[in-house]
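Enquirer: Sharing a structure here in structure tokens format.
Number of protein chains: 2
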Amino acid sequence: MNKNKDVAGEEPSGALMADVARLAGVAISTVSRALANPGRVNEKTRAKINAAAKQLGYTPNAMARGLRVGKSNIIMIILPGSLYYGASQVIPQVLQSINKSLIQGGYNLMIANLDRDEISERHILDLAFGGSVRGAIILSSKLPEVDGRSLANSGLPIVSMLLDMSDAGLQSVVTNDREAVRDVTAELIRLGHRRFFYLAGPEGNYHDVERYGGVLEALEAAGLSEDSVHRSGGHLDYQHGFDIGVQAADDFAELTEKPTAVIATSDDMAISFVSRIQRTGLSIPGDVSVVSFDGSPVCEFCSPPLSTIKQPVEEMGRAAVDLLLDAIGHRQNTAAVRTVIRSNLIPRESIAAPKS
Amino acid sequence: MNKNKDVAGEEPSGALMADVARLAGVAISTVSRALANPGRVNEKTRAKINAAAKQLGYTPNAMARGLRVGKSNIIMIILPGSLYYGASQVIPQVLQSINKSLIQGGYNLMIANLDRDEISERHILDLAFGGSVRGAIILSSKLPEVDGRSLANSGLPIVSMLLDMSDAGLQSVVTNDREAVRDVTAELIRLGHRRFFYLAGPEGNYHDVERYGGVLEALEAAGLSEDSVHRSGGHLDYQHGFDIGVQAADDFAELTEKPTAVIATSDDMAISFVSRIQRTGLSIPGDVSVVSFDGSPVCEFCSPPLSTIKQPVEEMGRAAVDLLLDAIGHRQNTAAVRTVIRSNLIPRESIAAPKS
DNA sequence: CGATTTTTGGCAAACGTTTGCTATAAATCG
DNA sequence: CGATTTATAGCAAACGTTTGCCAAAAATCG
Chain A
449 MNKNKDVAGE EPSGALMADV ARLAGVAIST VSRALANPGR VNEKTRAKIN
499 AAAKQLGYTP NAMARGLRVG KSNIIMIILP GSLYYGASQV IPQVLQSINK
549 SLIQGGYNLM IANLDRDEIS ERHILDLAFG GSVRGAIILS SKLPEVDGRS
599 LANSGLPIVS MLLDMSDAGL QSVVTNDREA VRDVTAELIR LGHRRFFYLA
649 GPEGNYHDVE RYGGVLEALE AAGLSEDSVH RSGGHLDYQH GFDIGVQAAD
699 DFAELTEKPT AVIATSDDMA ISFVSRIQRT GLSIPGDVSV VSFDGSPVCE
749 FCSPPLSTIK QPVEEMGRAA VDLLLDAIGH RQNTAAVRTV IRSNLIPRES
799 IAAPKS
Chain B
449 MNKNKDVAGE EPSGALMADV ARLAGVAIST VSRALANPGR VNEKTRAKIN
499 AAAKQLGYTP NAMARGLRVG KSNIIMIILP GSLYYGASQV IPQVLQSINK
549 SLIQGGYNLM IANLDRDEIS ERHILDLAFG GSVRGAIILS SKLPEVDGRS
599 LANSGLPIVS MLLDMSDAGL QSVVTNDREA VRDVTAELIR LGHRRFFYLA
649 GPEGNYHDVE RYGGVLEALE AAGLSEDSVH RSGGHLDYQH GFDIGVQAAD
699 DFAELTEKPT AVIATSDDMA ISFVSRIQRT GLSIPGDVSV VSFDGSPVCE
749 FCSPPLSTIK QPVEEMGRAA VDLLLDAIGH RQNTAAVRTV IRSNLIPRES
799 IAAPKS
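Protein chains in written order, with this note's numbering: chain A, 449 to 804; chain B, 449 to 804.
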């Protein structure tokens with residue numbers, strides 16, 4: 449019965465631009481221009497067209513447009529898969545902030561997980577090279593690369609967030625991890641602390657390097673030796689944030705000369721650490737001061753409320769999107785490939801001068 | 449210089465199917481079939497084509513394919529915008545689980561936020577009617593509807609998750625909120641509790657209705673009056689999870705006859721509530737027992753560790769994706785429009801028998 | 001009022017695939 | 001070995017837009 453033998457879809461879906469044109473009594477091209485290119489068509493015909501479009505409930509087909517103009521309106525965010533996801537409180541906030549900014553710019557957000565397997569790398573590359581996405585925001589330190597195809601030379605605008613990848617030539621939006629940790633360490637030193645306990649994230653990870661570096665800088669500035677800090681953790685993924693704190697507490701228990709201040713690289717590990725060492729009879733901040741990184745809201749309601757360095761994720765998300773849209777719009781990529789947005793310490797009761 | 453005057457894209461982007469065909473010395477259509485329809489082409493030519501494709505780093509253009517076949521391979525997840533996002537710990541887990549399942553099925557996940565404004569409704573409808581997405585998983589109770597276009601009759605397969613929308617004819621994947629709360633309330637009654645304090649989520653919200661209903665059912669079953677439970681909160685969004693707990697603590701303080709057991713509808717509010725009432729000198733579970741809903745990992749590290757009802761979000765995500773893909777594949781939509789996956793109580797030290 | 005410029009609308013050719021149909025080559029059969 | 005079936009490959013027409021170019025109409029000018 450169907451006249452059109454080469455029918456592809458199953459349902460006629462919605463109204464087409466041709467339908468709108470017919471109803472408005474104009475050509476298809478006029479409809480197209482009326483909808484997209486305000487100035488190019490007479491005000492009166494445009495009104496007619498708009499009316500027709502509304503009446504038919506017309507919605508332009510995104511794929512047809514994308515194909516024709518050779519651009520999609522989708523941005524993908526590349527998350528370091530199970531490594532990060534759900535681990536740190538920051539990811540949902542990052543997503544929300546990025547999505548909000550993107551939509552204002554007329555873009556949509558697609559999620560891509562970059563795990564350690566080749567499958568996921570290939571998948572991301574397919575997205576990039578298949579014209580599905582227009583740009584990428586990456587939260588992973590590794591750029592997918594398989595069989596000669598590499599995200600780096602996909603021609604896709606890419607912005608790195610959280611991690612500094614300016615070395616790889618990527619615009620990067622980061623916070624001042626190092627400086628923030630240095631400052632808080634300096635503050636602890638000023639309060640009288642001399643022995644420190646550092647809860648590391650995954651070994652070699654950018655954040656870990658930066659943050660531990662910050663500790664060392666503060667120690668050096670105060671004339672303290674590197675031995676004043678004991679490093680714990682580092683062999684677990686961020687995914688196991690709470691586990692890191694648990695293990696570190698065991699570690700801590702075995703030290704003969706207890707540190708008086710703990711610097712944790714995420715709130716999760718700080719929380720589980722605190723929970724465990726309180727159980728051994730130590731009090732916070734009486735016996736040991738604790739400060740961590742992330743700024744999770746839950747820190748306010750721990751006992752005692754935890755001091756934490758709040759990452760400005762919303763601002764970072766906005767900045768990343770701005771940079772990406774700039775790059776897409778060919779507005780000259782500002783020479784600066786590194787955008788730093790400052791973290792703030794939220795001081796709470798978990799920090800005090802050491803006992804004696 | 450460019451011969452092709454009607455050039456659309458700016459860069460030649462990657463290799464085209466035509467390039468592969470030329471290199472392999474076959475027709476375009478043969479390439480297409482070789483890549484998609486294994487059996488339809490001779491093994492030998494197929495090998496030649498695959499080699500050519502790999503050599504050129506060919507990636508099929510998703511939009512062209514989508515346009516031709518009239519289907520996209522993108523699924524959108526509709527989140528209740530700022531209402532939920534970042535509030536409850538469950539969202540990131542939901543996203544991860546859904547994304548993982550989708551990718552295995554060859555689909556991609558796009559994020560859509562449904563806020564209370566018309567803009568976001570329109571945006572989602574554009575996605576649906578513009579052929580951008582192939583199906584939707586919705587975590588919001590409201591179906592977007594503007595100007596006669598409604599998601600309900602977009603023809604798009606939709607699955608509701610977390611919220612039961614089977615009344616609206618949507619396949620729904622939910623947990624047994626009511627039953628779980630009823631059981632835990634019954635257990636509290638068994639322990640000897642007779643006066644309860646209920647921390648409500650947003651008033652009228654599905655979860656709130658179900659969970660509060662569970663409390664009432666347990667009371668009734670035990671022959672206790674509805675007055676045995678004091679309801680607090682309910683006028684704030686989930687977004688303000690922690691705030692709800694804080695306000696509820698004030699509320700609690702004013703009660704002359706203190707309840708001995710608290711049932712909270714999210715971990716966030718339980719955590720802030722506990723923090724505040726401990727500050728007033730009450731002890732948990734000595735003076736008051738606390739149980740909440742969600743199963744956030746952080747509960748294990750609260751003091752005392754919080755009993756919580758763990759929502760099986762991973763399983764729910766998987767189930768939602770399965771149902772959606774079934775619907776897309778026209779496999780008869782199983783008559784059951786309601787899939788229930790059971791929650792489990794994780795009992796911890798925050799629950800005990802009342803004092804006297 | 002004729003000539004020139006500016007607006008406005010239409011035609012048709014893309015964009016990169018998929019796929020129905022058809023043509024050829026190979027295989028099978030009587 | 002000719003006839004019939006079956007496997008394989010190619011042609012060309014879609015899919016629903018956008019947009020370069022041109023033609024007609026309207027406006028402006030001398």
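For every residue, glycine included, the Cβ atom is placed at its ideal position computed from N, Cα and C.
Less than 8 Å between the beta carbons of B:Ser-598 and B:Ile-526, yes or no?
Expert: No; because the gap between Cβ atoms is not below 8 Å, this pair is not in contact.
Enquirer: Beta-carbon of B:Ser-520 versus every beta-carbon of chain A: anything under 8 Å?
Expert: At least one chain A Cβ lies under 8 Å of B:Ser-520.
Enquirer: Which parts of the region 623-652 of chain A are runs of the alpha helix (DSSP H), unbroken and 4 residues or longer, counting only runs that do not cross its ends?
Expert: Runs of the alpha helix (DSSP H) inside the region 623-652 of chain A: 625-639.
Enquirer: I'd like the ranges of any beta strand (DSSP E) spanning at least 3 consecutive residues and lying wholly in the region 510-556 of chain A.
Expert: As far as the region 510-556 of chain A is concerned, its whole beta strand (DSSP E) runs of at least 3 residues are 522-527.
Enquirer: At a CB-CB cut-off below 9 Å, which residues of chain B make contact with A:Thr-713?
Expert: Result: empty, since nearest Cβ-Cβ is about 17 Å, beyond 9 Å.
Enquirer: Drop a sphere of 10 angstroms on the beta-carbon of B:Ile-567, count the other beta-carbons inside from all chains shown, and report buried for 16 or more, exposed for fewer.
Expert: With fewer than 16 other Cβ atoms within 10 Å, it is exposed.
Enquirer: Buried or exposed for B:Thr-728, please, with buried defined as at least 16 other CB atoms from any protein chain shown within 10 angstroms of its CB.
Expert: With fewer than 16 other Cβ atoms within 10 Å, it is exposed.
Enquirer: Would A:Val-722 and A:Gly-553 qualify as a contact pair, given that the criterion is a beta-carbon distance under 8 Å?
Expert: Against a cut-off of 8 Å, the Cβ pair of A:Gly-553 and A:Val-722 comes out as no contact.
Enquirer: What is the DSSP secondary structure of A:Ser-731, counted as helix, strand or coil?
Expert: A:Ser-731: coil per DSSP, three-state reduction.
Enquirer: Note down, in chain order, every chain A residue with its Cβ under 7 Å from the Cβ of B:Ala-512.
Expert: Those are Leu-515, listed as they occur along chain A.
Enquirer: B:Asp-742 by DSSP, collapsed to three states: which one?
Expert: In this structure, B:Asp-742 counts as strand in the three-state DSSP scheme.
Enquirer: Going by beta carbon distance, what residues of the same chain come within less than 6 Å of A:Arg-630, once the five residues before and after it are set aside?
Expert: Cβ neighbours of A:Arg-630 beyond the five flanking positions: Gly-662, Glu-665 and Ala-666.
Enquirer: Spell out the partners DSSP gives A:Leu-793 in its beta bridges.
Expert: Per DSSP, A:Ile-757.
Enquirer: For A:Gln-619, which residues in the same chain have their Cβ closer than 6 Å to its Cβ, ignoring the five residues on either side in sequence?
Expert: Cβ within range, chain order: Val-607, Leu-771 and Val-785.
Enquirer: Distance cutoff 8 Å, beta carbons only. Does A:Gln-726 sit that close to anything in chain B?
Expert: Closer than 8 Å to some Cβ of chain B, the Cβ of A:Gln-726 qualifies, so yes.
Enquirer: Assign A:Asp-612 to one of two classes, buried (16 or more other C-beta atoms within 10 Å of its C-beta) or exposed (fewer than that).
Expert: Label assigned to A:Asp-612: buried.
Enquirer: Are the Cβ atoms of A:Ala-632 and A:Val-739 separated by less than 8 Å?
Expert: The question names Ala, yet the displayed sequence has Val at residue 632 of chain A. Yes.
Enquirer: Let me see if you follow: with CB-CB separation under 8 Å, is B:Thr-507 close to chain A or not?
Expert: True, the Cβ-Cβ gap to chain A drops below 8 Å.
Enquirer: Give the secondary structure of B:Ala-709 by DSSP, where H, G and I count as helix, E and B as strand, and everything else as coil.
Expert: Strand, per DSSP.
Enquirer: Leaving out the 5 sequence neighbours to the left and right, which residues in its chain are closer than 7 Å to A:Arg-570 when beta-carbon positions are compared?
Expert: If we look at A:Arg-570 and ignore the five residues flanking it on each side, its Cβ neighbours are Val-594.
Enquirer: To the nearest angstrom, how far is the alpha carbon of A:Val-788 from that of A:Glu-763?
Expert: The alpha-carbon atoms of A:Val-788 and A:Glu-763 are separated by roughly 10 Å.
Enquirer: Looking only at DSSP bridge pairs, what is B:Arg-786 linked to?
Expert: BP columns for B:Arg-786 point to B:Ser-620.
Enquirer: Residues in the same chain with beta-carbon distance under 7 Å from B:Ser-520, minus the five sequence neighbours each way, listed in chain order, please.
Expert: Gly-514, Gly-579, Ser-580, Val-581 and Arg-582, listed in sequence order.
Enquirer: Note down, in chain order, each residue of its chain lying with its Cβ closer than 7 Å to the Cβ of A:Gly-534, except the 5 sequence neighbours on either side.
Expert: Unreliable placement is indicated for A:Gly-534, whose pLDDT of 42 sits below 50; no coordinate value is reported for it.
Enquirer: List, in order along the chain, the chain B residues whose C-beta lies closer than 9 Å to that of A:Met-764?
Expert: Chain B residues near A:Met-764: none, gap ~15 Å exceeds 9 Å.
Enquirer: CB-CB under 7 Å to A:Leu-504, same chain, minus the five flanking residues each way: which ones, in chain order?
Expert: These residues qualify, in order along the chain: Ala-463, Asp-467, Val-468 and Leu-471.
Enquirer: Can you look up A:Val-677 in the DSSP assignment and give me helix, strand or coil?
Expert: Three-state DSSP puts A:Val-677 in a strand.
Enquirer: Leaving out five residues before and five after A:Glu-651 in sequence, what residues of the same chain have Cβ atoms less than 6 Å from its Cβ?
Expert: Contacts found: Gly-682.
Enquirer: May I ask you to list, following chain order, the residues of the region 719-747 of chain B that have a beta carbon less than 7 Å from some beta carbon of chain A?
Expert: Hits within the stretch, in order: Ile-719, Ser-720, Ser-723, Gln-726, Pro-745 and Val-746.
Enquirer: By the three-class DSSP mapping on this structure, what secondary structure does A:Arg-582 have?
Expert: Looking at A:Arg-582 - three-state DSSP - the assignment turns out to be coil, as it is neither helix nor strand.
Enquirer: Looking at the structure shown, is A:Ala-395 part of a helix, part of a strand, or coil, going by DSSP?
Expert: Absent from the structure is residue 395 of chain A, since the part of chain A shown begins at 449 and ends at 804.
Enquirer: Using a Cβ cut-off of 8 Å (strictly closer), state whether B:Asn-556 contacts chain A.
Expert: Output row for B:Asn-556: interface = yes.
Enquirer: Do you know how far the Cα of B:Leu-703 is from the Cα of B:Arg-643?
Expert: Computed Cα separation, rounded: 11 Å.
Enquirer: How would you call A:Glu-658, buried or exposed, if buried means at least 16 neighbouring beta carbons within 10 angstroms?
Expert: Answer is buried; the Cβ neighbour count reaches 16.
Enquirer: Buried or exposed, going by whether 16 or more other CB atoms sit within 10 Å of the CB of A:Ser-804?
Expert: So A:Ser-804 counts as exposed.
Enquirer: Roughly how many whole angstroms lie between the Cα atoms of A:Met-511 and B:Gly-743?
Expert: So the two alpha carbons sit approximately 41 Å from each other.
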